[in-house]
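Enquirer: Handing you a structure now.
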């Protein structure tokens, strides 16, 4: 009840103030031109023509955007797709270099290079790897030099301005199987064998995908039509690829006597390709150990130093001793 | 005089000894740490690295 | 169509009172007070006119706007606290006793604290050092450039008395397998009187093999071998004559032909330039 009475008082006061207020609004101008111009602007704003053209502009903008980009932002879309379009998920394999501290198995890289050279190199290039990259990784300098010299490289021009052939050097890059992409397409029924230098990084599933693909060739299941010249592989997105199964037991003969089974060769060549994609892999993991140790130690010590600096402030005891009244 | 006082009086007390000690320590520590990490890394990856299998392929005269 | 818009914004408390001039009456506040006449006051306010902050009249595109702002004194409802109701504070709050936490031996603590601060410095310094050195490594030549920086030549493929031109870092390098008479000729010259005096022994590692950069020191042409007045090289551009040791003898070139860094591996018969 008290509040209501107070409100009534407030209303009365407000009305009194409003009565007092208009005293200051009495200024008037003899001319009304200023008022009329603003009035025509307002009538323009409120006209049907303005409304219609603004709506048209909005609809037109949206239509134009949709025409240009196909979709509208912030509007969800639904897709219909079959699982086979994405390919099967590759199987996760326990690679010997999986752990955060594990280096590559270099004996495997060496065998993998042999598989690449004898099998894959017939179609796939390895443009970003030079002979010198093999030195200290899988081959000695002399071995790499000998392998490079077996390949003839075009160099020049010489004094007569002509290009000439010379045996390869360590600084030369791996020879491509085809002179250019067009020749590679023509030799493979229109499909371009991809360069393998970065293939492990370039595919989802990385090493697991490469291994699964190499060992995953099977007969197409019932109902799946594979065109002539294509091969069925469930791990390949779409299921059909031009590359056929290339690894068969005993295809190569390893110099270290390892039995050359299909999966052994697939494992070795995948390790080799992983190394080709990440030559810095071993060094990177070693740096990782050092960085983690140093940074975590620094973190702990800095916490100690912070506490050391703050302890005198946080444990401060303020004692107030009131003055003793001695007068009375 | 206890051991901690010996350390304090010889190294920490004067900035002219403390700062050089820090830099000398950093130098020694980076070398020692590198050796220790390499040793651990090599023993963890025994038989996998190139230096472990190099002897099989390197010719004798090298 | 002329519109006269009056926009009023006011905050009114229940007990507001407005003077006839439109100025709110605030008992505790004399709004009409004149500024001090000490030279720091600016202008004077008139009691018969509302102050500018209280009311204004402006002409805008929307018409004539008159604004009146009222700010009234807040009329909160406060209850006075009475002294007799406050409880007397008998005691100060108990401050915990920290003496338990005090270290019995501060010497050890002091050394330990300095040690920890020092370790922080040691680790930071070694990290800073490796950061800087790793950064400097990025400035050096990359591996593929370094791989091309050295050129190997089979010495066995160069017969005596023949020139071979190889390419090294984009420049020609002359390799000459000199005959015994040529070596003798090169040593016979009274080299101290030459334009760029240099002994033949200072220009070769093995007198049989002369290795030079094939760039004329005059304007950078490539001299022609086995030509010129002195049986060595002759630059066709401006006619500089070099002798069989590559020393300048005649023509505009100021210095002898340059010698690159190279290694002669006689056992394997290899020359490594670079």
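Chains as they are written, first to last, in UniProt numbering: chain A, 1 to 328; chain B, 1 to 62; chain C, 1 to 274.
Cβ coordinates follow ideal geometry from the N, Cα and C atoms, glycine included.
1) In chain order, what residues of the same chain have a beta carbon less than 6 Å from the beta carbon of residue 185 (chain C), not counting five sequence neighbours either side?
2) Quick check on residue 134 (chain A) - is its C-beta less than 8 Å from some C-beta in chain D?
3) Between the region 56 to 66 of chain A and the region 170 to 180 of chain A, are three or more C-beta pairs nearer than 8 Å?
4) What do you get for residue 66 (chain C), buried or exposed, if any count of 16 or more other CB atoms within 10 angstroms of its CB means buried?
5) Does the region 146 to 162 of chain C come within contact of the region 252 to 260 of chain C, defined as at least 3 CB pairs closer than 8 Å?
6) Which class does residue 275 (chain C) belong to by DSSP, given the choice of helix, strand or coil?
7) For residue 234 (chain C), decide whether its Cβ has a neighbour in chain A, counting only Cβ atoms nearer than 8 Å.
8) For residue 33 (chain A), name the three-state secondary structure that DSSP assigns.
9) So with CB distances below 7 Å, who are the chain B contacts of residue 175 (chain C)?
10) Does the Cβ of residue 224 (chain A) have 16 or more other Cβ atoms within 10 Å, making it buried, or fewer, making it exposed?
11) Among the candidates A:42, A:40, A:121, whose CA atom is the shortest distance from the CA of residue 246 (chain A)?
12) If contact means a Cβ-Cβ distance below 8 Å, which residues of the region 132 to 161 of chain A contact chain B?
13) Ignoring anything shorter than 4 residues or poking outside the region 121 to 184 of chain C, list the alpha helix (DSSP H) runs there in chain order.
14) According to DSSP, which residues form a beta bridge with residue 189 (chain C)?
15) Checking 8 Å against the spacing of the C-beta atoms, do residue 241 (chain C) and residue 228 (chain C) come in under that value?
16) From the beta carbon of residue 32 (chain B), is the nearest beta carbon of chain C less than 8 Å away?
17) Does the beta carbon of residue 4 (chain B) come closer than 8 Å to any beta carbon on chain C?
18) Our contact map puts residue 211 (chain C) next to residue 175 (chain C) with C-beta atoms below 8 Å; I'd like the distance itself, whole angstroms only.
19) Output the distance between the C-alpha atoms of residue 58 (chain C) and residue 64 (chain C), rounded to the nearest integer angstrom.
20) Sort C:249, C:264, C:247, C:209 by Cα distance to residue 164 (chain C) and report the nearest one.
21) Which value, in whole angstroms, describes the spacing of the CA atoms of residue 54 (chain B) and residue 288 (chain A)?
22) Output, in chain order, the set of chain B residues within a Cβ distance shorter than 8 Å of residue 111 (chain C).
23) Counting only runs of 4+ residues fully inside the region 131 to 202 of chain A, write out the alpha helix (DSSP H) ranges in chain order.
24) For residue 306 (chain A), go through chain C and note every residue whose CB falls closer than 8 Å to its CB, in chain order.
25) Identify the continuous beta strand (DSSP E) that holds residue 101 (chain C) and give its terminal residues.
26) Report yes or no: is there a C-beta of chain A within less than 8 Å of the C-beta of residue 58 (chain B)?
27) Say whether the region 183 to 192 of chain A touches the region 255 to 275 of chain A, bearing in mind that this needs 3 or more beta-carbon pairs closer than 8 Å, one atom from each stretch.
28) For residue 302 (chain A), which residues in chain C fall below 7 Å Cβ to Cβ?
29) Hey, residue 197 (chain A) and residue 127 (chain A): beta-carbon distance below 8 Å or not?
30) Determine, using beta carbons only, whether residue 154 (chain C) and residue 179 (chain C) come nearer to each other than 8 Å.
31) Given 8 Å as the limit, is there contact between the region 288 to 305 of chain A and the region 110 to 126 of chain C, that is, 3 or more CB pairs closer than that?
32) Going along chain B, which residues have a C-beta under 8 Å from residue 107 (chain C)?
33) Are the Cβ atoms of residue 154 (chain A) and residue 123 (chain C) separated by less than 8 Å?
34) Determine the chain C residues that contact residue 29 (chain B) at a beta-carbon separation under 7 Å, and present them in chain order.
35) Please identify, using Cβ separations under 8 Å, the residues of the region 128 to 148 of chain C that lie next to chain A, in order along the chain.
36) By the 10 Å Cβ neighbour count, where 16 or more other Cβ atoms means buried, how is residue 137 (chain A) classified, buried or exposed?
Expert: Reading it off the structure:
1) Numbered from its first residue, the third chain carries residue 185 (chain C) at position 185. 244.
2) Protein chains A, B and C are contained in the structure displayed, whereas chain D is not.
3) no
4) Here residue 66 (chain C) is taken as the residue at index 66 of the third chain, counted from 1. The residue in question, residue 66 (chain C), is buried, as its Cβ has 16 or more Cβ neighbours within 10 Å.
5) no
6) In the structure as shown, chain C begins at 1 and stops at 274. Residue 275 (chain C) is therefore absent and cannot be evaluated.
7) Taking the first residue of the third chain as position 1, residue 234 (chain C) is located at position 234. Judged by the 8 Å Cβ criterion, residue 234 (chain C) is not in contact with chain A.
8) Here residue 33 (chain A) refers to the residue found at position 33 when the first chain is read from its first residue. Confidence at residue 33 (chain A) is low in this model, with a pLDDT of 47, below 50, so the placement of that residue should be treated as unreliable; the coordinate-derived value is given next. In the structure shown, residue 33 (chain A) sits in a helix (DSSP, three-state: H, G or I).
9) Counted from its first residue, the third chain places residue 175 (chain C) at position 175. Simply none; closest approach about 27 Å.
10) Walking along the first chain from the start, residue 224 (chain A) turns up at place 224. With fewer than 16 Cβ atoms within 10 Å of its Cβ, residue 224 (chain A) is classed as exposed.
11) For the purposes of this step, residue 246 (chain A) is identified with residue 246 of the first chain, where counting begins at 1. That would be A:121, whose Cα lies nearest to the Cα of residue 246 (chain A).
12) 136, 137, 138, 139, 140, 142, 143
13) 143 to 148
14) Locating residue 189 (chain C) in the third chain gives position 189, counting from the first residue. DSSP, once it has assigned bridges, lists no residue as partnering residue 189 (chain C).
15) Mapped onto the third chain, residue 241 (chain C) falls at position 241. Mapped onto the third chain, residue 228 (chain C) falls at position 228. In this structure, residue 228 (chain C) lies closer than 8 Å to residue 241 (chain C) by Cβ.
16) Indexing the second chain from 1 puts residue 32 (chain B) at position 32. Judged by the 8 Å Cβ criterion, residue 32 (chain B) is not in contact with chain C.
17) Position 4 of the second chain holds residue 4 (chain B). Taking Cβ atoms only, chain C reaches closer than 8 Å to residue 4 (chain B), which makes this a yes.
18) Translated into positions along the third chain, residue 211 (chain C) becomes position 211. Translated into positions along the third chain, residue 175 (chain C) becomes position 175. Confirmed, Cβ separation roughly 5 Å.
19) Taking the first residue of the third chain as position 1, residue 58 (chain C) is located at position 58. Taking the first residue of the third chain as position 1, residue 64 (chain C) is located at position 64. C-alpha separation (whole angstroms): 6 Å.
20) Taking the first residue of the third chain as position 1, residue 164 (chain C) is located at position 164. The shortest C-alpha separation from residue 164 (chain C) is found at C:209.
21) What you label residue 54 (chain B) is simply residue 54 of the second chain in a count that begins at 1. What you label residue 288 (chain A) is simply residue 288 of the first chain in a count that begins at 1. One C-alpha to the other measures close to 25 Å.
22) Walking along the third chain from the start, residue 111 (chain C) turns up at place 111. Those within 8 Å of residue 111 (chain C) in chain B are 4, 5, 7, 8, 12.
23) 131 to 134, 141 to 149, 181 to 187, 199 to 202
24) Within the first chain, the letter at position 306 stands for residue 306 (chain A). Those do not exist, as residue 306 (chain A) stays about 11 Å from chain C at its closest Cβ, beyond 8 Å.
25) Within the third chain, the letter at position 101 stands for residue 101 (chain C). Careful: residue 101 (chain C) lies outside any beta strand (DSSP E) and carries neither H nor E.
26) Walking along the second chain from the start, residue 58 (chain B) turns up at place 58. Yes, its Cβ sits closer than 8 Å to a Cβ of chain A.
27) no
28) As a first step, residue 302 (chain A) is located in the first chain; it is residue number 302 there, counting from the start. Here the neighbours are 120.
29) In the first chain, counting from the first residue as 1, residue 197 (chain A) sits at position 197. In the first chain, counting from the first residue as 1, residue 127 (chain A) sits at position 127. Against a cut-off of 8 Å, the Cβ pair of residue 127 (chain A) and residue 197 (chain A) comes out as a contact.
30) Locating residue 154 (chain C) in the third chain gives position 154, where the first residue counts as 1. Locating residue 179 (chain C) in the third chain gives position 179, where the first residue counts as 1. Their beta carbons are not under 8 Å apart, which means residue 154 (chain C) does not touch residue 179 (chain C) by this criterion.
31) yes
32) For this step, residue 107 (chain C) is matched to residue 107 along the third chain. The answer, in chain order, is 2, 4, 5, 8.
33) One-based indexing of the first chain puts residue 154 (chain A) at position 154. One-based indexing of the third chain puts residue 123 (chain C) at position 123. Not a contact, by the Cβ cut-off of 8 Å.
34) As a position in the second chain, residue 29 (chain B) is number 29, starting the count at 1. Simply 122, 126.
35) 143, 144, 147, 148
36) Here residue 137 (chain A) corresponds to residue number 137 of the first chain, with the count starting at 1. Buried, because 16 or more other Cβ atoms sit within 10 Å of the Cβ of residue 137 (chain A).
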